[in-house]
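J.: Chains as they are written, first to last, in numbering that gives the first Met the number 0: chain A, 0 to 395; chain B, 0 to 230; chain C, 0 to 386.
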Amino acid sequence: MGSLMAQIVAVVAMNIRSLPQRIWMSIATLVAVGIVVAVLLAFLALSNGFEKTLNTSGSDKIAVMLRAGSQGEMSSVLLRDQLNIMELAPGISRDANGPVVSAELYVIVDGTKRSTNTPVNLPLRGLELSGVELRENFSIVEGRMFEPGRNELVVGEAVQTEFSGFELNKKVRLGQSEWTVVGVFSAGGSVFGSELWGDLKTVQSQFNRGSSAQLLRAKLATPGDVSEIQAYIENEPQLNLDVKTEVAYYAEQSKGITNVIFYLGWPLAIAMALGALAGALNTMYNSVAQRSMEIATLRAIGFSGVSAFIGTLVESLALAAIGGVLGSLAAYLFFDGLTTSTLSGNFTQVVFDFKLSADSFISGLKLALIVGFIGGFFPALRAARLPVVIAFKNAT
Amino acid sequence: MTAERLFDLKSISKSFSKGKESIAIFEGLNMVIDKGDFVAIMGPSGSGKTTLLNMLGGVDKPTKGEILYAGKGIEKYSEGQLANWRAAHIGFIFQFYNLMPMLTAAKNVELPLLLKKMSSSQRKKSVAAALELVGLADRAKHKPDELSGGQQQRVAIARAIVSDPDLLLCDEPTGDLDRATATEILETLQLLNKDFGKTIVMVTHDPAAAKYAKRCVHLDKGEFVEKELVA
Amino acid sequence: MSDFYLIRKNLTRNKLRLSLNSFAIFIAFLLFGVLASLQAAFDAGVELSSEQRMIVTNKINFTQPMPLAYVNKVRAVEGVASVTHANWFGAYYQDPQKPLVGFAVDAESYLEVYEEFVLAPEQREAWFNNRIGIVVGDQMARTLGWKVGDRLPVSSSIFTQKDGSSVWEMEVMGIFTGNDEQFDTNYFLLHYKYFIETQSFGGDWIGWITIKTTDPALNDEVSKTIDAQFANSPAETKTTSEKQFSKAFVEQFGNIGLMITSIVGAAFFTILFIVGNSMALSVRERTNEIAVLKTIGFQAPRIFKMVLSESILLALLGGCLGLFVANVLVNGAAQAPQLRSMLPNLVLTDMVAFKALGLMLVLGLVTGILPAWRAMKLNTIDALNRR
Ligand SMILES: Nc1ncnc2c1ncn2[C@@H]1O[C@H](COP(=O)(O)OP(=O)(O)OP(=O)(O)O)[C@@H](O)[C@H]1O
Ligand SMILES: [Mg+2]
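1) Taking contact to mean 3 or more Cβ pairs, one atom from each stretch, closer than 8 Å, check whether the segment 201–219 of chain C and the segment 83–94 of chain C are in contact.
2) CB of S46/B to nearest heavy atom of ligand 1: below 7 Å?
3) Which residues of the segment 333–348 of chain A have a Cβ closer than 8 Å to any Cβ of chain C? Give them in chain order.
4) On the criterion of 16 or more Cβ atoms from any shown chain inside 10 Å, does K13/B qualify as buried, or is it exposed?
5) Take every Cβ of the segment 23–33 of chain A, pair it with every Cβ of the segment 335–349 of chain A, and state whether three or more of those distances are shorter than 8 Å.
6) Report whether the distance from the Cβ of G42/B to the nearest heavy atom of ligand 1 is below 7 Å.
7) Looking at ligand 1, does it come within less than 7 Å of D381/C, judged from the CB to the closest heavy atom?
8) For the candidate residues L118/C, S81/C, F244/C, whose alpha-carbon lies nearest to that of F61/C?
9) The beta strand (DSSP E) that contains I32/B, what's its start and end?
10) For P43/B, which of S120/B, V108/B, P206/B has the nearest alpha-carbon?
11) Which same chain residues, not among the five before or five after W145/C, have their C-beta less than 6 Å away from its C-beta?
12) So the beta strand (DSSP E) A85/C belongs to, where does it begin and stop?
13) Mind listing the chain B neighbours of K8/C? Cutoff is C-beta to C-beta under 7 Å, in chain order.
14) Between D170/B and ligand 2, is there a pair consisting of the residue's CB and a ligand heavy atom that are separated by less than 7 Å?
15) For L152/A, write down the residues that DSSP places opposite it in a beta bridge.
16) Just the chain C side, please: which residues come within less than 7 Å of K106/B by C-beta, in chain order?
17) Name the two residues that bound the continuous beta strand (DSSP E) containing M172/C.
18) At the level of alpha carbons, what is the spacing between V31/B and D7/B?
19) Applying a beta-carbon distance threshold of less than 9 Å, which residues of chain A neighbour E250/C?
20) At the 8 Å Cβ level, is A44/A part of the contact set with chain C, yes or no?
21) Would the beta-carbon of Q51/C fall within 8 Å of that of K237/C?
22) 8 Å is my cut-off, CB to CB: does E288/C come that close to chain B?
23) Between V350/A and the rest of its own chain, which residues show a CB-CB distance below 6 Å, the 5 nearest in sequence each way excluded?
24) Would A80/C and V153/C qualify as a contact pair, given that the criterion is a beta-carbon distance under 8 Å?
25) Roughly how many angstroms separate the alpha carbons of A265/C and F333/A, rounded to a whole number?
26) State yes or no: is the beta carbon of I34/A nearer than 8 Å to at least one beta carbon in chain C?
27) Start and end of the beta strand (DSSP E) containing Q348/A?
28) Between S277/C and the rest of its own chain, which residues show a CB-CB distance below 7 Å, the 5 nearest in sequence each way excluded?
29) Going by Cα to Cα distance, which pick from I259/C, I24/C, D2/C, Q198/C is closest to M42/C?
30) Is T49/B near ligand 2, with its Cβ less than 7 Å from a heavy atom?
31) Distance cutoff 8 Å, beta carbons only. Does T11/C sit that close to anything in chain A?
32) Beta strand (DSSP E) containing P236/A: first to last residue?
33) Kindly say whether V58/B, judged by its beta-carbon, lies nearer than 8 Å to any beta-carbon of chain C.
34) Determine the direct distance from the alpha carbon of S362/A to that of A155/B, and round the result to whole angstroms.
35) Determine, for F297/C, whether the minimum Cβ-Cβ distance to residues of chain B falls below 8 Å.
36) Enumerate in chain order the residues of its own chain whose CB-to-CB distance from V249/C is below 8 Å, with the five nearest sequence positions on each side excluded.
Printed below as a string of structure tokens:
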């Protein structure tokens, strides 16, 4: 066993020494694997970041009520009398002021994306100050909160960084009227950070919405349990609503886009990995061909086929691993923390960051090693089975 | 009787420069080759036999001096002109055969005909004739690695003669072969010289091989030493 | 035998290397074919939109309504050839998770403005004369299995009828197609009258107005006039060309073009490296043979051409295969209902195929040029008689 170890070490050392002879092919493999890993990580960071933003938006202590069948806030309508009946529902937590609920209006307004200077849709949420308290991560970081009854806005931090025109104290024209940005809020990385907030009644009147809302948020008496509310809705013929926990609502909202990113990202990475695999196989078969004389000579002296096998496999795995690490590094440097925004299910922009997780790095490295392993395995088999006689033949 | 003159080498000098140093191989070498001649060139390793042959074949040029082929100085030709000239007049036979491994014997022989304007049926005829002449008509469909060394060299000879050149240049054509096979090859060359009137210049280390030639020259330290052949 | 025979034999001499290289190239062009088709599908909305059409929306946002009376006011503007209007219906059929695209329109004027719309004359007549009649795009009809004569309960996720139900009964009167293969046929049209008279909000309001100008050169003028007319009214308008409108919408997804270009670029860079090296290696292995060819009398430029042709042939071989499979995949994916609603124009267009062919030539040239150059410049004397 010890001697086999020594043989393997000797063969690996010889491989490494002969590497400069095929340096360009080796670099090609390295680069190919690196690029594959970088592309995969970019996609994973994208879907990770998006998912994370939507996940931090939801709490299981909160229920969300929308008109039945609506895809999201945009397509929902709740009339005032529906809201009044809804507030009486059991299962909603109550405090000194009555039920802890927030009726909210959701309107699309125009913004401009800083990076491309193109027009985008931004969400303007009209809500009461009590609604703000239903957001656990909410805090004003600059300026102050809007005052009810006035045309004042507070904007999420992400809105400020990604879209232009919403600087503090600036007047902006939304719809018919002029609004003043009086504060900037942090929403702990949730989707609310991509929103503009104003007073519910003001938004209702400025956008001709009467007293209707689009969504009702309510604090649950028992976290995670919407069954009481559900039963109440079913018994009230006037209520045609869906109720979900906030967590479930945002998970549903994010599903479409994370699926697209995920189902586009993996097949792409796998297809590219197959291309890189072809490159790795090419490199390693070439390496075996180049060293065939040397391998046969070693075998003639008495080295085992196993050592030739492992020597080749190690070379391939090493190349792929280096490529994988370089690719991860590149992805980390270029993509991690990059902020971007896209259109969400509500026809409005959601701002989120590329986020690389430890899991993504592991996936990337795994992919690299799989390429390295398969790319080395078959050539290594050939190396191990190389007929010893060629050592005695004229090299041609 | 004065034979027609094929080559006239006039005070050829050749030197290779390695960095600042330059090594002279020949200085003021003269040589004449007549049509129909069969010259063996012998000499110690490194004496410049291959270099001389390369110059005759127009793949190398002298540093100084003229190489007249049928009265024309080929050393002044451009690369392109030389290539055409070689295609028209010269057949090469190498020590290691140098056949294309992915082509059959027939296709290998056909290669030089790609440089001629010939119909494919004409080409087929020429190839068949050349293979017939070297005694390999039945091996036309075989690839080089399915042939023995002697057979491969005969394919190489067929390739050299297929376009009917005036001159065959052979660099140690039997250097890689056993005695009996070498004899076959040499007999073929002799036949080509005697019956088909090909002029042959052959470099060899083997005195027995040199005996097949009409005359033998010895190259040593850049000088010719003409030796009478003992038949 | 010809030079091409030699090129082919050289290409196929190392079968393993040939398959690995063409596979790598295959992957690159598979990705290109699929991704470029995706991008083209995204851009098709913009490409196909007419220069002559403009869209008038509520200035607040395109989701905000406008009064129906605007239609006639817009029609009176100088330079406007024809006018139609539409409302978003927010449709779904049975499954609320699978939204359908449906507009409530004024049938006659709609067909006048959208000339690329192809509908059989008798189906057109039948639709005009049936209050609950709808016409369905060819692709949508095929996905859902709807046929002319079907009576269907179609739901809205936004609107309710006056009786509280959100289900409308509709009857398929015709199936329409477009005069271009990328024309979106994944939607249906119902009558505005039927919609507005049954829905519970009441009122005579519309979603947006589409106009056709007499001359695209007048567009700027016309849009200014229209927007000025409604300035300081409860519903101010924004008039943009259809192209700008579609472009603004597509751009909101983020820079899809850049993303696709980077991925394809990365894939090509990788393949370039792999195949280029492999080509260089196989020419290096052939040094001796190339020297023999030159000695026999082959001209240097001819050898250059032969090596270059070999690399181009390789690129074409893997590339065409990749493009072919990409075409199969794209056609298959276009049948998937989820993708169809998102990207109704998904096809591998001739333009993409031509670009791919161009890229194959470039790939072949780039990977072959250095080895070919080396082969051409190869010093015969050095290469021969040296073992
Ligand atoms: N390209 C070159 N650069 C430098 N020196 C060269 C070159 N080619 C040949 N020489 C030198 O020229 C001399 C003659 O070489 P050549 O190959 O002609 O010898 P040869 O007589 O054919 O020897 P052998 O019998 O070993 O084949 C040798 O000393 C060789 O080292
Ligand atoms: Mg020699």
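Even for Gly, the Cβ is constructed at its ideal location relative to N, Cα and C.
T.: Per the coordinate set shown:
1) The segment 201–219 of chain C vs the segment 83–94 of chain C: in contact.
2) yes
3) T339, S340, T341, L342, F346, Q348
4) buried
5) no
6) Because some heavy atom of ligand 1 lies under 7 Å away, the Cβ of G42/B counts as near it: yes.
7) yes
8) F244/C
9) 20–33
10) P206/B
11) V135, V171
12) For A85/C, the enclosing beta strand (DSSP E) begins and ends at 79–87.
13) M101, L102
14) yes
15) Paired residues: V180/A, G197/A.
16) M0
17) That run of the beta strand (DSSP E) goes 166–177.
18) 5 Å
19) K112, T115, T117, P118, V119
20) no
21) No, they are not a contact pair.
22) Chain B contact via Cβ: present.
23) These residues qualify, in order along the chain: A157, E161, S193, S340.
24) no
25) 14 Å
26) yes
27) 348–352
28) Annotation for S277/C: R16, N20 place their beta carbon closer than 7 Å to its own, counting only its chain and skipping 5 residues before and after.
29) Inspection of the sequence shows that residue 42/C is occupied by Asp rather than by Met. Nearest of I259/C, I24/C, D2/C, Q198/C to D42/C, Cα basis: I259/C.
30) Yes - ligand 2 has a heavy atom lying nearer than 7 Å to the Cβ of T49/B.
31) Using a CB distance cut-off of 8 Å, T11/C does not count as an interface residue toward chain A.
32) Annotation: P236/A is outside any beta strand (DSSP E) and is labelled neither H nor E by DSSP.
33) Closer than 8 Å to the CB of V58/B there is at least one CB belonging to chain C.
34) 57 Å
35) So, interface residue.
36) Answer for V249/C: F41, D42, G44, V45, I255, listed in chain order.
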